[in-house]
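Protein chains in written order, with my numbering: chain A, 1 to 105; chain B, 106 to 372.
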Amino acid sequence: MSVYQINKILYLTDNDPDFRKRMKEHPEEAIKPFSLTKEELDALTAGAVGKLYQMGVHTFLLNHLYRYELFGVNRDNYLARIREGMQYDPRFEQGKMPVQYFVKE
Amino acid sequence: MAKLVLAAGVPHPPRLVRDIVESPGKTTGEALMKRVRQYVEKAEPDVIVEVDSDHFVNFFYNHLPTFCIGMADEAQGPQETWCPMPRYVVRGHVPLAQALYRYGVHAKFDLAAAHELRLDHSLVVPLHFLNPAMELPVVPIYTNGFASPLPLATRCFSLGRMLRRFIEAWDGKERVVLIASGCFAMDVGGPLRGWTDTDWVETISRLLLRGQYQELARRATEERIAQAGNNSGELLNWITVTGAVGKTKPLFLEGDEGSGYAVWECE
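So this is what it looks like as structure tokens:
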């Protein structure tokens, strides 16, 4: 498992302005240098948050997918996607994603 | 002889500063931060020691210490673009940090040390309110509250006790304020985002108010913390602080959803 590499992609997106720019403009190019398995690559590029969650990607880092709207993930679909494959839980009813505000770079 | 004069615990909501600008006088966090600030000001401190958990800004899985002392001359933050608040330069207190590092290692705490720091919102949001204009130097103590395996809560409690012994043994005149940064229970980015584990929050609040700190440390297993959401390991920073306050009970403890605000007077 190279979940570490996915965590690293998400960590760099949040912390490295140049990498973030590349992730926003050409994400599939930006992730090429990372050694991901086919399963990981497919899950990441499909924005399959639930699958990535089940693989063990850290949820705080997964959150960056919606913060930076990568691979089709956004505020409106993040929770539905991460819950894919999970049984219904009444606690889901209280779930909401906060509005994000960014400092201008 | 230095002295621990005050301890406090506060959360670090990344949007609190903006919320206050947009709706002044309307957020619970604004009133509670002001209340804690009054006690910090009255304590006339010379230095702040802040116990905090980095959120993958200063540390990542490539180098991930369980406990780390920050000993940079100065550092900048918050670094996250999604934290709408002023950017600050925070001064360190290198002699105190170095002495704490040495004292801790000799007391059998295998601490790490960091001479360069990128500060995240969890370190800077409390300072924005409690250390206006960043007047006071700050020594960060990082606990790994985020990436499993977390340190044992009982070990964090012991770390706090060692910290108190260190402060009292430190050959200086500093008046020290100790701050825990963190919530009690919260999920950010996990499937239970938005839900609050109120049972756990109530248990924590009750044990803190009664001064049953070791009981809290025994109950705060990694499993229990994980059930309450991925940010809930920040409780370890509070538990570290309870190790330093001895038998003193909090002067007040006010809850705000999954978070708490508290002050301990220590002199």
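Think of the CB as a built atom: it goes at the ideal place given N, C-alpha and C, for glycine as much as any other residue.
Cβ closer than 8 Å: which chain B residues qualify as neighbours of residue i?
| i | result |
| --- | --- |
| L61 of chain A | F161 and G294 |
| P98 of chain A | R120 |
| N7 of chain A | F165 and Y166 |
| M86 of chain A | P296 |
Run down chain A in chain order and give the residues with a C-beta less than 8 Å from the C-beta of residue i.
| i | result |
| --- | --- |
| P189 of chain B | Y101, F102 and V103 |
| Q184 of chain B | N15 |
| F251 of chain B | H58 and F60 |
Check the DSSP bridge columns for residue i and list the partner residues they point to.
| i | result |
| --- | --- |
| V156 of chain B | B:I246 and B:A285 |
| A367 of chain B | B:G114 and B:L358 |
| R280 of chain B | B:K108 |
| F165 of chain B | B:H168 |
Using a C-beta to C-beta distance shorter than 9 Å, which residues of chain A count as neighbours of residue i?
| i | result |
| --- | --- |
| L297 of chain B | D89, R91, F92, Q94 and G95 |
| R123 of chain B | Y101 |
Residues of chain B with CB under 9 Å from residue i, in chain order?
| i | result |
| --- | --- |
| R83 of chain A | P296 |
| L79 of chain A | P296, R298 and G299 |
Taking Cβ-Cβ distances shorter than 7 Å, what residues in chain B pair up with residue i?
| i | result |
| --- | --- |
| R67 of chain A | W187 |
| L55 of chain A | According to the sequence displayed, residue 55 of chain A carries Met and not Leu. What M55 of chain A touches in chain B: nothing, since even the nearest Cβ is about 14 Å away. |
List the residues of chain A that residue i touches, going by C-beta distances under 7 Å, in chain order.
| i | result |
| --- | --- |
| W300 of chain B | R91, Q94 and G95 |
| N335 of chain B | T59 and F60 |
Would you grab the beta carbon distance between residue i and residue j for me? Rounded to a whole angstrom, and I think it's under 8 Å.
| i | j | result |
| --- | --- | --- |
| F271 of chain B | L205 of chain B | 5 Å |
| C261 of chain B | G363 of chain B | About 19 Å; that fails the 8 Å criterion. |
| V152 of chain B | L235 of chain B | Their Cβ separation, rounded to whole angstroms, is 13 Å, which puts V152 of chain B and L235 of chain B out of contact at 8 Å. |
| D157 of chain B | P245 of chain B | 6 Å |
| L62 of chain A | Y53 of chain A | 6 Å |
| G47 of chain A | R83 of chain A | Contact flag wrong, Cβ pair sits at about 14 Å. |
| V195 of chain B | L121 of chain B | Contact doesn't hold; Cβ gap of about 18 Å is too wide. |
| G277 of chain B | A107 of chain B | 5 Å |
| E327 of chain B | S253 of chain B | 7 Å |
| A325 of chain B | A258 of chain B | 4 Å |
| P170 of chain B | Y247 of chain B | 7 Å |
| A180 of chain B | G197 of chain B | 7 Å |
| M23 of chain A | T37 of chain A | That belief does not hold up - the Cβ atoms of M23 of chain A and T37 of chain A are roughly 20 Å apart, past 8 Å. |
| D302 of chain B | G250 of chain B | Between G250 of chain B and D302 of chain B the Cβ distance is about 16 Å, and since that is not below 8 Å, they are no contact. |
| V281 of chain B | P150 of chain B | 6 Å |
| Y101 of chain A | R123 of chain B | 6 Å |
| T186 of chain B | V103 of chain A | 5 Å |
| T45 of chain A | F19 of chain A | Actually they are not in contact, since the Cβ atoms of T45 of chain A and F19 of chain A sit about 17 Å apart, beyond 8 Å. |
| L109 of chain B | R269 of chain B | 6 Å |
| P119 of chain B | G134 of chain B | Contact doesn't hold; Cβ gap of about 11 Å is too wide. |
| R91 of chain A | W305 of chain B | The pair is not a contact, with the Cβ atoms about 13 Å apart (cut-off 8 Å). |
With hydrogens ignored, establish whether the beta-carbon of residue i is closer than 8 Å to any heavy atom of the ligand NAP.
| i | result |
| --- | --- |
| S263 of chain B | Ligands in the displayed structure: none, and consequently the ligand NAP is not present. |
Would you say residue i faces chain C, with C-beta separation under 9 Å as the test?
| i | result |
| --- | --- |
| P150 of chain B | Here chain C cannot be found, since the structure's protein chains are A and B. |
message: Count Cβ pairs between the region 303-313 of chain B and the region 140-157 of chain B that sit closer than 8 Å; are there 3 or more?
response: no
task: Tell me the start and end of each unbroken beta strand (DSSP E) in the region 107-134 of chain B that is at least 3 residues and wholly inside, in chain order.
output: 108-115
- prompt: Going along the chain, which unbroken runs of the alpha helix (DSSP H) with 4 or more residues stay wholly within the region 167-237 of chain B?
  reply: Uninterrupted alpha helix (DSSP H) stretches at least 4 residues long and entirely within the region 167-237 of chain B occur at 199-211 and 226-235, given in chain order.
- request: Mind the definition here: the region 154-173 of chain B touches the region 219-234 of chain B only if three or more C-beta pairs lie below 8 Å; say whether that holds.
  value: yes
query: Is it true that the region 1-19 of chain A meets the region 57-68 of chain A, where meeting means three or more beta-carbon pairs spaced less than 8 Å apart?
result: yes
query: Counting only runs that start and end within the region 314-360 of chain B, where is the alpha helix (DSSP H) found for 4 or more residues in a row?
result: The alpha helix (DSSP H) runs lying completely inside the region 314-360 of chain B and spanning 4 residues or more are 318-324, 327-332 and 340-350, given in chain order.
- prompt: Using 8 Å as the threshold, is the region 112-123 of chain B in touch with the region 352-371 of chain B, meaning 3 or more CB pairs across them?
  reply: yes
query: Per the contact definition of three or more C-beta pairs closer than 8 Å, is the region 126-137 of chain B in contact with the region 238-247 of chain B?
result: No: the two stretches stay apart, fewer than three of their Cβ pairs being nearer than 8 Å.
field: alpha helix (DSSP H) segments (min. 4 residues) lying fully within the region 25-66 of chain A
entry: 27-30, 38-45 and 49-55
- prompt: Can we say the region 196-203 of chain B touches the region 169-178 of chain B, given the rule of at least three CB pairs closer than 8 Å?
  reply: yes
- request: May I ask you to verify whether the region 84-95 of chain A touches the region 289-305 of chain B, counting CB pairs closer than 8 Å and requiring at least 3?
  value: yes
task: Please confirm if the region 70-86 of chain A is in contact with the region 294-304 of chain B, defined as three or more CB-CB distances below 8 Å between the two stretches.
output: yes
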